[in-house]
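Residue numbers (the working numbering): 343 to 501.
Quick look at the structure:
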């Protein structure tokens, strides 16, 4: 099941970005690391990290794993060809700061994917799982306004 959804994520990204142009990837807020694990099979220099993960005994260690937070990434400017945050923003209180950091460490691409907060299942889940309560505030309009305020030059939105 995890492999299916992870492959679905990678396939989605490959629709828009040729992975042959990518030599390094950073997964911010990687959770259990499943996406980073499968990405590392395609792109050897895959780094993943999360602020809330204990990496001891983690079974999928085919990538470089670190403990970091999205507001202060321990990487050089332009260090990664691609940086992605998959369903991360709704966990963060300061979206602008996290996105600016992602932009700072990326040479080419920053991909940000968020679940649809008006999906009834996601909405209910946001009440059941306390870590996801901010999903109700991460509406498409609110996220768009964040990026406009940040003066992001190119905004790609797929609905």
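All residues carry an ideal CB built from backbone N, CA and C; glycine is no exception.
Note down the Cα distance separating residue i from residue j, rounded to an integer number of angstroms.
i           : j           : result
residue 394 : residue 447 : 21 Å
residue 437 : residue 450 : 20 Å
residue 347 : residue 364 : 21 Å
residue 443 : residue 418 : 10 Å
residue 350 : residue 439 : 28 Å
residue 499 : residue 357 : Because residue 499 carries a pLDDT of 45, less than 50, the predicted location of this residue cannot be relied on, and the following value inherits that uncertainty. Going from the Cα of residue 499 to the Cα of residue 357 covers about 13 Å.
residue 372 : residue 378 : 7 Å
residue 428 : residue 354 : 12 Å
residue 420 : residue 410 : 18 Å
Please state whether the Cβ-Cβ distance between residue i and residue j is less than 8 Å.
i           : j           : result
residue 366 : residue 405 : no
residue 381 : residue 352 : yes
residue 359 : residue 391 : no
residue 453 : residue 426 : yes
residue 408 : residue 384 : no
residue 368 : residue 389 : yes
What is the residue span of the alpha helix (DSSP H) that residue i lies within?
i           : result
residue 445 : 437-447
residue 382 : 376-384
Residue i lies in the beta strand (DSSP E); which residues open and close that run?
i           : result
residue 425 : 422-428
Am I right that residue i and residue j are in contact with their C-beta atoms under 8 Å? What's the rounded C-beta distance?
i           : j           : result
residue 303 : residue 456 : The question about residue 303 has no answer, for the chain in this structure spans 343 to 501.
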